[in-house]
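These notes are about the structure you will find just below.
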DNA sequence: CTTGATATGTCAGATAAGAGACATATCGTA
DNA sequence: TACGATATGTCTCTTATCTGACATATCAAG
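Protein chains in written order, with the working numbering: chain A, 5 to 113; chain B, 5 to 113.
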């Protein structure tokens with residue numbers, strides 16, 4: 005049962021906080037859309053569709069959370085993203101909020 | 005800026021994980037719908053509509069996460085909810101997941 | 001005796017997000 | 001040379017969710 009709940013939560017966090025999930029992955033190491041989809045499936049067992057990922061990546065870049073560069077190997081092109089300082093600030097605000105939530109739990113436990 | 009991000013996250017966590025937010029409030033002390041809406045506004049500054057809260061409370065009870073009893077003061081009735089063991093399991097799975105997320109951060113920091 | 005607060009409920013319509021299709025291109029391999 | 005994998009992009013339609021309206025009832029205060 006605890007395992008069922010865990011899977012549910014992994015799925016929900018990943019989908020309803022998809023932008024943060026993506027920022028966290030890219031922060032670990034610069035990455036491109038296709039790779040994000042593959043790693044999310046391998047690491048979490050969650051299938052993202054590219055129709056959801058690519059528009060979000062573009063939006064995150066427009067809003068200043070990501071920066072991209074084109075990498076060309078032979079004639080193949082990929083857009084590798086890295087997290088900007090603004091993106092790092094959002095991720096840190098996220099971790100701070102998680103800590104806060106856990107703290108509240110300890111106080112009342 | 006960090007403060008703006010925090011407010012954003014409070015809002016998003018509360019709305020996209022509304023069921024867990026409600027379970028956590030009720031776990032602190034048994035509570036009814038109207039009170040949940042008031043406390044959420046006072047504590048977090050987030051306005052929930054009763055059209056979202058009441059159907060969710062009923063759904064959480066049907067699915068076994070909450071249990072309700074009718075409290076009558078004079079002729080006024082209210083439905084006070086408490087969290088079931090199943091509900092507590094979900095909340096604990098939630099906290100475990102938060103801890104996991106923070107752990108991952110430490111490893112890669 | 002009427003207004004605002006307490007208290008719960010349903011439901012139609014709006015809205016936001018995503019799935020999946022359409023589109024294109026390279027590369028390796030069978 | 002055709003298929004599956006890599007790689008990115010747009011867009012329509014569906015689906016899920018919430019807002020806000022409608023509905024009802026008690027109570028306190030002005």
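The C-beta atom is built at its ideal place from N, Cα and C for all residues, glycine as well. A quick note: this is a predicted structure, and the numbers were derived from the prediction, not measured.
Give the list of continuous alpha helix (DSSP H) stretches no shorter than 4 residues that lie fully inside the region 40-105 of chain A. Complete alpha helix (DSSP H) runs here, min 4: 54-66.
Given that a residue counts as buried once 16 or more other Cβ atoms are within 10 Å of its Cβ, and exposed if not, what is residue 6(A)? Exposed: under 16 other Cβ atoms inside 10 Å.
Can the beta-carbon of residue 37(A) be found closer than 8 Å to that of residue 54(A)? Taking 8 Å as the Cβ cut-off, residue 37(A) and residue 54(A) qualify as a contacting pair.
Expected contact under 8 Å - CB spacing of residue 103(B) and residue 106(A) to nearest Å: Contact annotation, residue 103(B) with residue 106(A): C-beta distance approximately 7 Å; criterion of less than 8 Å satisfied.
Judging by CA-CA distance, which residue of 91(B), 32(B) and 50(B) is the nearest neighbour of residue 12(B)? Residue 50(B) is the option with its Cα nearest to residue 12(B).
Applying a beta-carbon distance threshold of less than 7 Å, which residues of chain A neighbour residue 6(B)? Correct list: 93 and 97.
Through-space distance from residue 14(B) to residue 40(B), alpha-carbon basis: For residue 40(B) and residue 14(B), the gap between their C-alpha atoms comes out near 16 Å.
Below 8 Å between beta carbons: does that hold for residue 88(A) and residue 72(A)? The criterion of a C-beta distance shorter than 8 Å is not satisfied by residue 88(A) and residue 72(A).
Show which residues of chain B have a CB atom less than 7 Å away from the CB atom of residue 43(A). Result: empty, since nearest Cβ-Cβ is about 13 Å, beyond 7 Å.
Where the alpha helix (DSSP H) containing residue 21(A) begins and where it ends: For residue 21(A), no alpha helix (DSSP H) segment is defined, and its DSSP state is neither H nor E.
Can you tell me which of 108(B), 98(B), 95(B) and 86(B) puts its alpha carbon nearest to the alpha carbon of residue 30(B)? Out of 108(B), 98(B), 95(B) and 86(B), 86(B) has the C-alpha closest to the C-alpha of residue 30(B).
Considering Cα atoms alone, identify which of 91(B), 19(B), 78(B) and 47(B) is closest to residue 68(B). Checked all of 91(B), 19(B), 78(B) and 47(B); the closest Cα to residue 68(B) is 91(B).
For residue 14(B), verify whether its CB is less than 7 Å away from any heavy atom of the ligand ATP. Among the components of this structure there are no ligands whatsoever, and the ligand ATP is therefore not found.
Suppose contacts are defined by Cβ-Cβ distances below 8 Å. Is residue 70(A) in contact with residue 61(A) by that definition? Contact annotation: residue 70(A) and residue 61(A) have beta-carbon atoms nearer than 8 Å.
Spatial neighbours of residue 23(B) in its chain, beta-carbon cut-off 7 Å, leaving aside the 5 residues before and after: Residues 60 and 64 of the same chain have their beta carbon placed closer than 7 Å to that of residue 23(B), with the five preceding and five following residues left out of the count.
Interface residues of chain A facing residue 89(B) [CB-CB closer than 9 Å]: Taking a Cβ-Cβ cut-off of 9 Å, residue 89(B) has no neighbours in chain A, whose nearest Cβ is about 10 Å from it.
Taking the beta carbon of residue 44(B) as the centre, do at least 16 other beta carbons fall within 10 Å, making it buried, or is it exposed? Burial check for residue 44(B): the Cβ neighbour count within 10 Å reaches 16 or more, so the residue is buried.
Of the residues 21(B), 33(B), 75(B) and 96(B), the one placed nearest residue 52(B), counting alpha carbons only: Checking every option, the nearest Cα to that of residue 52(B) belongs to 21(B).
Roughly how far, in whole angstroms, is the beta-carbon of residue 109(B) from the beta-carbon of residue 99(A), given that I think they are within contact range, below 8 Å? About 6 Å; that satisfies the 8 Å criterion.
Bridge partners for residue 5(B) per DSSP, in chain order? Paired residues: none, contrary to the question.
Any C-beta of chain B sitting closer than 8 Å to the C-beta of residue 63(A)? Not one beta carbon of chain B lies nearer than 8 Å to the beta carbon of residue 63(A).
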